[in-house]
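S.K.: Anchor point for the sequence shown: position 24 equals 24 in this note's numbering, and the numbering is continuous, going up by one each time.
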Amino acid sequence: MTTIWIIFVVIVCACSLIYTMGNYVKHNAKLAKFTQEHPEAAKVQIKANKVGIIVETLQVHSVNGEEPLIFQEMLINNGFYLLPGKNVLEVSYEWTRPGVIYKTVTKYIDPTKIEVEVEPNKTYKLSYSRKQEQFVFEEIG
1 MTTIWIIFVV
11 IVCACSLIYT
21 MGNYVKHNAK
31 LAKFTQEHPE
41 AAKVQIKANK
51 VGIIVETLQV
61 HSVNGEEPLI
71 FQEMLINNGF
81 YLLPGKNVLE
91 VSYEWTRPGV
101 IYKTVTKYID
111 PTKIEVEVEP
121 NKTYKLSYSR
131 KQEQFVFEEI
141 G
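Right under this line is the structure:
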């Protein structure tokens with residue numbers, strides 16, 4: 001009976017690993033194809049803090065009504081590509097901190113559409129300013 005469970009766990013782990021690697025390869029092929037077809041595409045880095053006691057999450061739901069093409073650099077920088085010109089982004093923001101009465105306190109900004117304009121081959125940063133309570137889109141390079 002124990003041998004069957006060990007074999008079952010090994011098969012489940014192997015299938016999970018194969019599925020994850022397949023999705024990884026497929027996503028990287030999609031990224032490579034997009035960057036080859038659109039060498040002028042601008043990069044937008046998403047600023048989010050996921051380390052420490054305060055956790056910030058900025059999520060991009062859509063770019064011009066389509067699913068964004070997300071990339072990751074050095075395991076810490078997430079971002080997405082935009083074609084030059086005007087683009088409409090649908091983004092949301094979530095901020096969690098430790099609470100006094102409750103374990104955590106979370107503030108959530110509902111998905112909001114913002115219009116941005118990008119130039120070819122530039123790098124931008126998308127963040128949320130808690131002081132100004134608005135999304136900030138700025139060029140960084």
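A virtual CB, placed ideally from N, CA and C, is assigned to each residue, including glycine.
Please confirm whether residue 88 and residue 64 have their CB atoms less than 8 Å apart.
M.R.: yes
S.K.: Distance, Cα to Cα, residue 141 vs residue 119?
M.R.: 11 Å
S.K.: Please report how far the alpha carbon of residue 20 lies from the alpha carbon of residue 29, in whole angstroms.
M.R.: If you draw a straight line from the Cα of residue 20 to the Cα of residue 29, it comes to about 14 Å.
S.K.: Alpha carbons only, please: which of 115, 93, 110 is nearest the one belonging to residue 130?
M.R.: Among 115, 93, 110, the Cα nearest to that of residue 130 belongs to 93.
S.K.: Measuring CB to CB, does residue 136 end up less than 8 Å from residue 124?
M.R.: no
S.K.: Who does residue 82 pair with in a DSSP beta bridge?
M.R.: Under DSSP, residue 82 takes part in a beta bridge, and its partners are 42.
S.K.: Tell me the DSSP bridge mates of residue 77?
M.R.: 73
S.K.: Taking residue 106 as the reference, which of 113, 114, 112, 97 has the closest Cα?
M.R.: Looking at the Cα atoms, 97 is the closest of the given residues.
S.K.: Taking its Cβ as the centre, do 16 or more other Cβ atoms sit within 10 Å of residue 8, making it buried, or is it exposed?
M.R.: exposed
S.K.: In angstroms, rounded to a whole number, what distance separates the CA positions of residue 103 and residue 46?
M.R.: C-alpha of residue 103 to C-alpha of residue 46: approximately 27 Å in a straight line.
S.K.: Where do the N-terminal and C-terminal ends of the beta strand (DSSP E) with residue 117 fall, by residue?
M.R.: 104-118
S.K.: Name the DSSP beta bridge partners of residue 95, please?
M.R.: 56, 107
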